[in-house]
Each structure stands twice: as structure tokens, then as C-alpha cells.
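Heads up, the thing below is written out as C-alpha cells.
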Amino acid sequence: EADWAGLRVVVAGLGISGFAAADALLERGARVIVVDEATSGRVLEDRAQILRVLDADVRLGPEHVTGLPAWPDGATELVVTSPGWRADQPLLAAAAAADIPIWGEVELAWRMRPREGAAPWVTITGTNGKTTTVSMLASILAADGRRTIAAGNVGTPILEAVMDPEPYDVIAVELSSFQLHWQRSVRPLAAACLNVAPDHVDWHGSVA
Numbered sequence: 003e004a005d006w007a008g009l010r011v012v013v014a015g016l017g018i019s020g021f022a023a024a025d026a027l028l029e030r031g032a033r034v035i036v037v038d039e040a041t042s043g044r045v046l047e048d049r050a051q052i053l054r055v056l057d058a059d060v061r062l063g064p065e066h067v068t069g070l071p072a073w074p075d076g077a078t079e080l081v082v083t084s085p086g087w088r089a090d091q092p093l094l095a096a097a098a099a100a101d102i103p104i105w106g107e108v109e110l111a112w113r114m115r116p117r118e119g120a121a122p123w124v125t126i127t128g129t130n131g132k133t134t135t136v137s138m139l140a141s142i143l144a145a146d147g148r149r150t151i152a153a154g155n156v157g158t159p160i161l162e163a164v165m166d167p168e169p170y171d172v173i174a175v176e177l178s179s180f181q182l183h184w185q186r187s188v189r190p191l192a193a194a195c196l197n198v199a200p201d202h203v204d205w206h207g208s209v210a
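Numbering-wise, the sequence shown is residues 3 to 210 according to the numbering used here.
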């Protein structure tokens, strides 16, 4: 129930989750700078144009991700990162050094849920089998007569599910290890880790 209006937020990455995060923040009245290393591509350009119409400051190009973007009237208060960005990426490292909170889209979605009556989350993670299992879970819930959706890493951004004007009864959420790295307060109704195998070690730094 916090007031998001005027909050200075940097959204790192203009992929599916970054676009959803920026859109949700702008809808809540936050002030948003969006940065992405890429400079071209039809989808990227379309997303950038939409966000600019919504009054976001969109900055494309590698020069915008080498450090934390500056606001003309104060410091960044929150960074929302796309899951593929590593913790040692210069922009994120600068935010961490300045003690600025860094959330992923999943954490942002959890904190944007209504205080009362929000749909519970049932979450699935693991190296292999996540999409199959979360799709099966959504089918089971639907067969039980619940209004549900499979969201998160499975394709539909979790923010879209959380902010749907027609609330869901329960949300089946697929979470990657990248997404889990950036979550801070998510408390699902139930969760399962299917398996753990060496994968994305270059991103995480080690198997441990």
C-alpha cells in the first residue's frame, strides 16, 4: 500500500520483464529511467517508444550501462533489474556500493500485490523441468475451478498477472535461478525445487 508516486527508479534492461516493470512503475506514478545496452531492433524500439509516451526516460546504448544513471534532482532510490544482469555488472555494482536496493521483477511484483486479498503464489524452480511442471500445476488448478495463470519465467511476466484487472485465485509461478537471486521478501503459499544441477555457473560464479 506504499505510495510509489515520485519514487526515482532505474530499470535495467528493456526485455520482457524490464518493460513490464517500467510499465507498472509508471502506472503507479514512479519516475523511471530505463537503460539497455542494445540500440536497435524492432521490438526494442517499439517498447522504448511506448515507455517514452508514458513519460519514461529511455536511454539506449552501451554508454548508459557503465554506471548508475544520474538524476538531475537527487539520487536513485531503487534499481529494478532484468534477471539476466549479473551482480557484477557495473550499473548494479555501483548501486550496491551506494546501498541502493536492487530488486528483480519478481520482487517488485510481490511488493505491488494488494495488502488484502492478493492471489497466493505457488512457485516452482529447479534446473530442469520447470516449465513442464508449472504448466501442469496451472492445468490442475484450472481443473479445480480456480482462475489461474502460469507466470514468471514461463513467459507471462509475473507483474502482468499481479496487476490484471480481474484478479486471479492463485498464480503458478516459474522462477529461474536468476530471478531467485534478486528476490528479497517473496513468501509463496507453497514452493518446490525440482532438482539442482551445474548450470549457468558463469553467471553465478560457482556451483556453490
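Every residue, glycine too, gets a C-beta built ideally from N, C-alpha and C.
All values derive from a computational prediction rather than experimental measurement.
Per-residue burial, residue i [other beta carbons within 10 Å of its own, 16 or more giving buried]
{"i": "Leu-191", "result": "exposed"}
{"i": "Ile-35", "result": "buried"}
{"i": "Trp-197", "result": "Note on residue identity: the sequence assigns Asn, not Trp, to residue 197. Result: exposed."}
{"i": "Thr-68", "result": "exposed"}
{"i": "Trp-119", "result": "Rather than Trp, the amino acid found at residue 119 in this sequence is Gly. Exposed is the call here."}
{"i": "Ala-42", "result": "A quick correction: the sequence has Ser, not Ala, at residue 42. Ser-42 comes out exposed."}
{"i": "Arg-33", "result": "buried"}
{"i": "His-66", "result": "buried"}
{"i": "Asp-204", "result": "exposed"}
{"i": "Ala-4", "result": "exposed"}
{"i": "Thr-134", "result": "exposed"}
{"i": "Val-13", "result": "buried"}
{"i": "Glu-29", "result": "exposed"}
{"i": "Ala-210", "result": "exposed"}
Residue i and residue j closer than 8 Å at C-beta
{"i": "Ala-96", "j": "Leu-70", "result": "yes"}
{"i": "Thr-150", "j": "Ala-193", "result": "no"}
{"i": "Val-164", "j": "Leu-80", "result": "no"}
{"i": "Pro-103", "j": "Phe-180", "result": "no"}
{"i": "Pro-217", "j": "Ala-153", "result": "Because the chain is modelled from 3 through 210, residue 217 falls outside the range shown and cannot be assessed."}
{"i": "Trp-105", "j": "Trp-184", "result": "yes"}
{"i": "Leu-9", "j": "Arg-49", "result": "no"}
{"i": "Asn-130", "j": "Ala-199", "result": "yes"}
{"i": "Val-37", "j": "Arg-61", "result": "yes"}
{"i": "Arg-148", "j": "Asp-171", "result": "yes"}
{"i": "Gly-31", "j": "Ala-58", "result": "no"}
{"i": "Val-188", "j": "Trp-87", "result": "no"}
{"i": "Leu-94", "j": "Leu-161", "result": "no"}
{"i": "Ser-208", "j": "Glu-107", "result": "no"}
{"i": "Asn-155", "j": "Leu-139", "result": "no"}
{"i": "Met-114", "j": "Ala-26", "result": "yes"}
Residue(s) in a DSSP beta bridge with residue i
{"i": "Asp-38", "result": "Leu-62"}
{"i": "Thr-83", "result": "Ala-14, Gly-106"}
{"i": "Trp-73", "result": "Gly-76"}
{"i": "Arg-33", "result": "Arg-10"}
Query raised in the report: Unbroken alpha helix (DSSP H) runs of length 4 or more, entirely within the stretch 102 to 130: which are they?
Result: 107 to 114
Query raised in the report: Which runs of the beta strand (DSSP E) spanning at least 3 residues fall entirely within the stretch 142 to 207, listed in chain order?
Result: 150 to 154, 172 to 176, 192 to 195
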